[in-house]
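Heads up, the thing below is written out as structure tokens.
Number of protein chains: 2
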Amino acid sequence: MALYGERGFENTTVAEIAERAGLTERTFFRHFADKREVLFAGSNELQERLVSTVAGAPADASPLDAVAAGIEDLGDVLPDRPETSRARQAIIAASAELQERELIKLASLSAALAATLRERGLSAPAASLTAEIGMAVFRTAFERWIDETDGRDFAEHVREALGEVRALAASG
Amino acid sequence: MALYGERGFENTTVAEIAERAGLTERTFFRHFADKREVLFAGSNELQERLVSTVAGAPADASPLDAVAAGIEDLGDVLPDRPETSRARQAIIAASAELQERELIKLASLSAALAATLRERGLSAPAASLTAEIGMAVFRTAFERWIDETDGRDFAEHVREALGEVRALAASG
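Line order of the protein sequences matches chains A and B.
In this text, residue positions in the first sequence follow my numbering: the first is 1, and each later residue adds one.
In this text, residue positions in the second sequence follow my numbering: the first is 1001, and each later residue adds one.
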């Protein structure tokens, strides 16, 4: 990832990435489908973690509380320091191709979350809507966590964003 | 668009689209950046309409009410019949390339909505979050409008989804 930051994603070849990582190109492709995937290596883990926490929330938790618990918990699978995620987002922001991949991953996360909520007994329409709200909380908390330098951890940002959703929905 | 439905997006060339529309290829490219754009020709209008309605909402409307009014109003710029949108979504669902373009357009809509809310005096973090909730309402209402055959119009689906957001946020 450091190479993408130094030279830009488009200007970095798989051969260079593999060399920096001490891998052959063949080994690289055993781990990653293409060079974009290097940046999204953590997203499967993120999705599995979210799904398992939401599935395991108490049966009497409200759908939004179950989702919020799952999102708060993602702090454990995100990098320890927001600077790492900030550097990654800067690389993604500089490339239309990477932005597309990022959006696909987020859409997949939302679909997995909705499927988990349906398994908890929510109707399909309610599950999709709750998942979308959860994604709004996730994206907002994530952006604030990487942008703000006040040292609050990811879970605090999630709780704050969720409180704002409740306040927004209650107003007007 | 009918051609994409008949033969699939990947198997349709710009020459064929232009011929069906009675245009030369050169004229086609004066109207559309590429063949994907044919399917997204309405998205600028959608965005302009949303931005102008939200900007013009009464100053004392809550942020979420302003957004909801803007989304309800989009019924006027969507196709008259949900079948048209359903056919379009089926073409998009069959192509990863088109799904990416669709996600980019939705992200752009969300960003434009957030910018409009900031101009209404909302702080940047609150504006982003409100825009994301608005997008959740939009996507949910749109999906239900094209999937359900009970003849309810788009605005009714928007009001229903918004009511559910309020109920979800109030629970738990």
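Heads up, the beta-carbon is just placed ideally off N, CA and C, and yes, glycines get one too.
Between the segment 85-97 of chain A and the segment 117-124 of chain A, can you find at least three pairs of beta-carbon atoms closer than 8 Å?
Verdict: no, contact absent.
Quick check on the burial criterion: 16 or more other C-beta atoms within 10 angstroms. Buried or exposed for A/Asp147?
Along the first sequence, read from residue 1 onward, the residue named residue 147 of chain A stands at position 147. The residue in question, A/Asp147, is exposed, as its Cβ has fewer than 16 Cβ neighbours within 10 Å.
Output the distance between the C-alpha atoms of B/Ala1131 and B/Thr1027, rounded to the nearest integer angstrom.
Walking along the second sequence from the start, residue 1131 of chain B turns up at place 131. Walking along the second sequence from the start, residue 1027 of chain B turns up at place 27. Straight-line Cα distance between these residues: approximately 36 Å.
Would you verify that the beta carbon of B/Leu1103 is, or is not, closer than 8 Å to some beta carbon of chain A?
Position 103 of the second sequence, counting from 1, holds the residue named residue 1103 of chain B. So yes, B/Leu1103 belongs to the interface.
Step through the CB atoms of chain B and report whether any lies within less than 8 Å of the CB of A/Thr140.
Taking the first residue of the first sequence as position 1, residue 140 of chain A is located at position 140. It does: the Cβ of A/Thr140 has a partner Cβ on chain B nearer than 8 Å.
Along chain A, in chain order, which residues have C-beta atoms closer than 8 Å to that of B/Ile1133?
Here residue 1133 of chain B refers to the residue found at position 133 when the second sequence is read from its first residue. Going along chain A in sequence order, the residues near B/Ile1133 (Cβ under 8 Å) are Ile133, Ala136, Val165, Leu168 and Ala169.
So what's A/Ser85 in DSSP terms, helix, strand or just coil?
Looking up residue 85 of chain A in the first sequence gives position 85. Here A/Ser85 sits in helix by DSSP.
Report the option in B/Val1158, B/Ala1126 and B/Ser1171 whose CA atom is closest to the CA atom of A/Leu168.
Locating residue 168 of chain A in the first sequence gives position 168, where the first residue counts as 1. A/Leu168 has its Cα closest to that of B/Ala1126, out of B/Val1158, B/Ala1126 and B/Ser1171.
Should the segment 1153-1163 of chain B be called in touch with the segment 47-65 of chain A, which here means at least 3 C-beta pairs below 8 Å?
No, because fewer than three Cβ pairs between the segment 1153-1163 of chain B and the segment 47-65 of chain A fall closer than 8 Å, the two stretches do not touch.
Grouping DSSP H, G and I as helix and E and B as strand, with all else coil, what is B/Thr1140?
Translated into positions along the second sequence, residue 1140 of chain B becomes position 140. Helix at B/Thr1140.
Looking at chain A, which residues of the segment 1057-1072 of chain B have a Cβ within less than 8 Å of any of its Cβ atoms?
Those would be Ala1061, Ser1062, Pro1063, Leu1064 and Asp1065, in chain order.
Along chain A, in chain order, which residues have C-beta atoms closer than 7 Å to that of B/Pro1082?
Locating residue 1082 of chain B in the second sequence gives position 82, where the first residue counts as 1. By Cβ distance, chain A contributes nothing, its closest Cβ being about 15 Å from B/Pro1082, past 7 Å.
Going by other Cβ atoms of all chains shown within 10 Å of its Cβ, with 16 needed for buried, is B/Arg1144 buried or exposed?
In the second sequence, the residue the question calls residue 1144 of chain B occupies position 144. B/Arg1144 is buried by the Cβ-count criterion.
Note down, in chain order, each residue of its chain lying with its Cβ closer than 8 Å to the Cβ of B/Gln1099, except the 5 sequence neighbours on either side.
Counting from 1 along the second sequence, the entry for residue 1099 of chain B is found at position 99. Same-chain partners within the cutoff: Ile1092 and Ala1093.
Is it a yes or a no for the segment 1068-1076 of chain B touching the segment 68-87 of chain A, going by three-plus beta-carbon pairs under 8 Å?
The answer is no - the segment 68-87 of chain A does not touch the segment 1068-1076 of chain B, with fewer than three Cβ pairs under 8 Å.
At a CB distance below 9 Å, what residues from the segment 103-129 of chain A approach chain B? Give them in sequence order.
Residues Leu103, Ile104, Leu106, Ala107, Pro125, Ala126, Ser128 and Leu129.
Could you tell me which of B/Ser1110, B/Asp1150 and B/Arg1166 sits nearest to B/Arg1139, measuring between CA atoms?
Taking the first residue of the second sequence as position 1, residue 1139 of chain B is located at position 139. Considering only alpha carbons, the answer is B/Ser1110.
Run through DSSP, which three-state label would B/Val1054 get?
Against the second sequence, residue 1054 of chain B aligns to sequence position 54. Of the three classes helix, strand and coil, the one that applies to B/Val1054 here is helix, per DSSP.
Is the CB of A/Ala161 under 8 Å away from at least one CB in chain B?
Here the question's residue 161 of chain A lines up with position 161 in the first sequence. A/Ala161 counts as touching chain B.
Please list the terminal residues of the continuous alpha helix (DSSP H) segment that includes B/Lys1035.
On the second sequence, residue 1035 of chain B is found 35 positions in, with the first residue counted as 1. Looking at the DSSP string, B/Lys1035 is not in any alpha helix (DSSP H), and its letter there is neither H nor E.
Should A/Arg81 go down as buried or exposed, given a rule of 16 or more other Cβ atoms within 10 Å for buried?
By 1-based counting over the first sequence, the position of residue 81 of chain A is 81. Exposed: under 16 other Cβ atoms inside 10 Å.
Please list, in chain order, all residues of the same chain as A/Lys105 whose beta carbon is under 7 Å from its beta carbon, the five residues on each side excluded.
Counting from one through the first sequence, the residue named residue 105 of chain A turns up at place 105. For A/Lys105, where only same-chain residues beyond five positions count, the Cβ hits under 7 Å are Phe40 and Ser43.
Using a Cβ-Cβ cut-off of 6 Å (strictly less than) and excluding sequence neighbours within five positions of B/Val1038, which residues of its own chain qualify?
Start at 1 with the first residue of the second sequence, and residue 1038 of chain B comes out as number 38. The residues are Phe1032.
Within 8 Å (strictly less), CB to CB, does A/Glu143 reach chain B?
Taking the first sequence and counting its residues from 1, the one referred to as residue 143 of chain A is at position 143. True, the Cβ-Cβ gap to chain B drops below 8 Å.
The alpha helix (DSSP H) with A/Pro79 in it runs from where to where?
Here residue 79 of chain A corresponds to residue number 79 of the first sequence, with the count starting at 1. That residue, A/Pro79, is in no alpha helix (DSSP H); it is neither H nor E in DSSP.
Quick one, are the C-beta atoms of B/Ala1136 and B/Phe1154 less than 8 Å apart?
By 1-based counting over the second sequence, the position of residue 1136 of chain B is 136. By 1-based counting over the second sequence, the position of residue 1154 of chain B is 154. Contact: no.
Check the Cβ-Cβ distances between B/Glu1010 and every residue of chain A, and say whether any is below 8 Å.
Stepping through the second sequence from its first residue, residue 1010 of chain B is reached at position 10. Answer no: the Cβ-Cβ gap between B/Glu1010 and chain A never drops below 8 Å.
Strictly under 8 Å for the Cβ-Cβ distance: is A/Glu37 near chain B by that measure?
By one-based count along the first sequence, residue 37 of chain A stands at place 37. Not closer than 8 Å to any Cβ of chain B, the Cβ of A/Glu37 fails to qualify, so no.
Is it the case that the Cβ atoms of B/Arg1006 and B/Val1014 are separated by a distance below 8 Å?
Stepping through the second sequence from its first residue, residue 1006 of chain B is reached at position 6. Stepping through the second sequence from its first residue, residue 1014 of chain B is reached at position 14. Checking the sequence shown, residue 1006 of chain B turns out to be Glu, not Arg. No, they are not a contact pair.
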